[in-house]
Amino acid sequence: MQAKNADTARGPIRRRLDDMPLGLAPLLIAGMGLIAGLYLLIHPVHRSKADLSMWTFGALHADAYKEAAGRFEAQSGQKVDVQLINFNAVNQKLRSALWAAVNVPDLVEIEKSAAGGFFRGPLDKVGFLDLKPYLERDGILDRIPPNALATYTDRGAVFGVPHDIHPVMLAYRADIVDPYLARRGKRMEELATWDEFFRELHGLLIADQRYLLQIEHGDDFAFQIFLMQRGGGLFGPGGRLRMDDETAVQTMLWMIPLVAGSGDKQVAASLSNWDPSFYRGFIEGYYVAALCPDWRSSQIQTFARELHGKLRLVPLPAPAPGGLRTSQKGGTMLGISRSAEDPELAWRFAKEIYYGSPRQHGQLFRTTNILTPDRKAWGDPAYHEPRPYWCNQKIGEEYIALADEVPPFYSSGFLPTAVAKLNEAIVSCYARYRSHGADGFEAFVRRRLKSSADYVRAQMAREPDWDAPDWDAKEGS
Amino acid sequence: MRLQASRTTPYLFMAPFILSFLIFGAYPIIRSLVLSLYITSGPEAQRFVGLGNYLYLLQDPDFWTAFRNTATFALGSVVLQLPLSLGLAILLNRPDIRGRNVFRFIFFSPNLMGLVFSALLFMLILAPKFGLLNAALHALFGLPATTRWLSTPGLVMPALIMVALWLYTGFNMVYFLAALQSVDTELYEAATIDGAGRWSQFWHVTLPGIKPVLIFVVVLSTIGSFQLFELAFLLLGNGSGPDQAGLTIVMYLYQNGFLGGDLGYASAIGWTLAAMVLLLSLVQLRITGMGREEA
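Residue numbers (the numbering used here), protein chains in the order written: chain A, 418 to 894; chain B, 185 to 479.
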């Protein structure tokens, strides 16, 4: 009787719901699915209807390109969609897009260290177009420094055009160094070699408190700069591994004692290359000079505001008299994907943003200090303005003066592996020098670099000869 | 007819999940297994190598470096983290602790911050010369303030374990708290009457009472530790740290697949990791007798 009463009290809808085979929950789930489905039908995911799509990882790049896209659209009547994608995400997203052949952008900017990975495989299957014919046809090759294309050239094809060239200078604490040198009747510009630099500044060294140069021994940042300054590199033309050649050995033999020497033999130190410690160390005068590619100069400006008017830039001291006064670090390329519907249109936009308005390059230089490889743009006033932060130096002119000397950097799909193995070698050599000093150090360096290089060679040896005539694409699949 | 309908209804409700799983779960799993038998360089460049990737992996020193680092992290995490979590849970389960809900929230709160923020925070805390930890160690024990936690090979793993400890101790504490609250209080009363002390009660009442949860947390922590990637990647500046001291198996997978471009080898690394985790979990279940109990 009670049950019957309760049944009546439930009402007809509740009774029907309770009578559902598996209760109310599945019905709710189904209902939610239906509502979500209907919502998506009414509000479909935004798909770009642009004629060109472009991905970039630099926020300042994106701003400049969006502005350029407006001009380009007005001229060409073609719509351009510029998307800003996180630095790390752009590589994964691009790789996934290329694998799935879905949503591949027409143009994409990628960082130098990741570029080589995209150039692997048969030449005609690489995801990017060979831009060499375009560069030759439009006379762009004469407008950029000779070594700027080396990074993005693989088996004779140019898969990307350089956004930058990144010459390296030396940033130093003018407020500390200049008065000291003046007392000795010297100027920083006169220190033409590293030997002179360390000798003349030695009086500034205070163990554990002040060092002459920031050199991080935990990664390859400084080593690669020194290596390239000496004409070396991890890879040579054609992807030939050369990380254990004589230049690399000599660079290691020279660099490690600077940071691992005992007592006043240690003239360089570091707190970090990347995190705020680097800037704090510079601000506190823990080191009085640091290697400074153009992009790093803007980071120093941003994160070490206290050093306003206290820093200056000079060309790197050379390894030997008459040697190279700069090096190279970092880089970004712009590629046009092989699947671009209208490669000619994509190239026109690429030209617009990379070799178009000098004013646009000038604006970007004002905010990033990054020097464009396009000589035509170097006449823009932005490159010739004195910068109060840098003791009123015209830093644009300083970097431009070194642009043609920037050594070539050769990329490879095995670059990340080579860098990782190089890091291991640097750390091992540092530890060895700390514990044993110069005794047997040279033999150790040779052995250590060779073992790192052998590891990379073993990986490279696994790589099939994709361009061999008997190679069958998708073999076995 | 109605019986027929009621039999098919569950399958209809399950169909969306099963379809989604087949497309987004099962297919990629099988595809990656197939892919692990190839050297690849983009979708149109694949060469069948059979078990070549696996054989190469077994003699790849970097893989073993990654394995050693990952295992160290997992061991450090489980051995340090879980007793600490359990200890905190026992402490904060006591009714006589004032403001215990506040403490529970405080210990759990690192989990709400997200890995990226935590990594940035610890980059500052662990910074040499100017970091909080070095300053504290210098002030308390006179240790050098220039200790480079994230750029000295021997200190990278302790630093990672320390950060993980801060992040996950409170999280695991919540599991243990829930388990402790499900232990029958009458058992403690009976044990007290029988003259059992605190340690004896913990050993003979608490531990058996929370055993299923304990095993679950151990297995989950081990699996989570073996999947370590973001924390190390972010703390070490998007890399594997000095001398590869922070290279983990998943990071090695990422380097090969997404930086190097060989998704075949990366898949082989992924499958090897999956096999390792499975094996380890089975061993843990076997040792703890979980499978036998259920059987």
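Beta carbons are placed, not taken as given, at the ideal position from N, Cα and C, and that holds for glycine.
Small disclaimer: the values here were computed from a predicted structure and weren't measured.
- Pairing V823 (chain A) with Q876 (chain A) gives a Cβ-Cβ distance that is not under 8 Å.
- Ranking A:N520, A:A481 and A:T473 by CA distance to the CA of F504 (chain A) puts A:T473 first.
- Look at the beta carbons and you see the stretch 730-749 of chain A not touching the stretch 758-773 of chain A: under three pairs across the two are nearer than 8 Å.
- Excluding sequence positions up to five before and after I787 (chain A), its CB lies within less than 6 Å of the CB of D581, D711 and W712, all in the same chain and listed in chain order.
- Counting along the chain, the unbroken alpha helix (DSSP H) around Q646 (chain A) starts and ends at F638 to Q646.
- Between P337 (chain B) and S470 (chain A), the alpha-carbon positions lie close to 43 Å from each other.
- P312 (chain B) and T331 (chain B) have their alpha carbons spaced roughly 5 Å apart.
- Between A416 (chain B) and T406 (chain B), the C-beta spacing is not below 8 Å.
- Boundaries of the beta strand (DSSP E) harbouring S470 (chain A): L469 to T473, taken from the DSSP string.
- Taking the C-beta atoms as reference points, E841 (chain A) is found nearer than 8 Å to Q428 (chain B).
- From the beta-carbon of M307 (chain B), the residues of chain A found nearer than 7 Å are D692.
- Of all alpha-carbon atoms in B:E370, B:L276 and B:G425, the one lying nearest the alpha-carbon of V358 (chain B) is that of B:L276.
- Cβ atoms of L361 (chain B) and R282 (chain B) stay farther apart than 8 Å, at about 17 Å.
- Residues of chain A whose Cβ lies closer than 7 Å to the Cβ of N422 (chain B) are, in chain order, N505.
- Legend: CB atoms of the stretch 521-547 of chain A lying less than 7 Å from CB atoms of chain B belong to residues A531, G534, F535, R537, G538, P539, K542 and G544.
- Per DSSP, reduced to three states, the secondary structure at M660 (chain A) is coil, with no helix or strand assignment.
- For F489 (chain A), there is no enclosing beta strand (DSSP E); the residue is found in the alpha helix (DSSP H) stretching over A476 to S493.
- Just measuring C-alpha positions, the residue of A:R755, A:K603 and A:H478 sitting nearest E617 (chain A) is A:K603.
- The contact set of A374 (chain B) on chain A, defined by CB atoms closer than 7 Å, is empty, because the minimum CB distance reaches about 39 Å.
- Between L272 (chain B) and T390 (chain B), the C-beta spacing is not below 8 Å.
- In the DSSP assignment, T256 (chain B) forms no beta bridge with any residue.
- Taking 8 Å as the threshold, the shortest C-beta distance from I202 (chain B) to chain A does not fall below it.
- In the displayed model, P734 (chain A) falls within coil according to three-state DSSP, outside both helix and strand.
- In the DSSP assignment, R231 (chain B) falls within the unbroken beta strand (DSSP E) covering Q230 to F232.
- Taking a Cβ-Cβ threshold of 7 Å, the residues of chain B close to V844 (chain A) are P337, P426 and D427, in chain order.
- D246 (chain B) is classed as buried because its beta carbon has at least 16 other beta carbons within 10 Å across all chains shown.
- DSSP, reduced to helix, strand and coil, places A320 (chain B) within a helical segment of the structure shown.
- Any Cβ of chain B closer than 8 Å to the Cβ of E841 (chain A) would place that residue at the interface, and such an atom is present.
- E484 (chain A) and A818 (chain A) have their C-alpha atoms spaced approximately 29 Å apart.
- Secondary structure of M307 (chain B) (DSSP, three-state): helix.
- Residues of the stretch 439-456 of chain B with a Cβ closer than 7 Å to any Cβ of chain A, in chain order: Q439, F442, L443, G444 and G445.
- Linking R865 (chain A) to G226 (chain B) through their CA atoms gives a straight-line distance of about 33 Å.
- In the DSSP assignment, M586 (chain A) falls within the beta strand (DSSP E) that extends over V585 to R590.
- If you check the CB distance, G649 (chain A) and A665 (chain A) come in under 8 Å.
- Judged by DSSP secondary structure, D884 (chain A) falls outside any beta strand (DSSP E); it is assigned neither H nor E.
- The closest CA to that of L781 (chain A), considering only A:P833, A:S715, A:Y827 and A:Q492, is found on A:S715.
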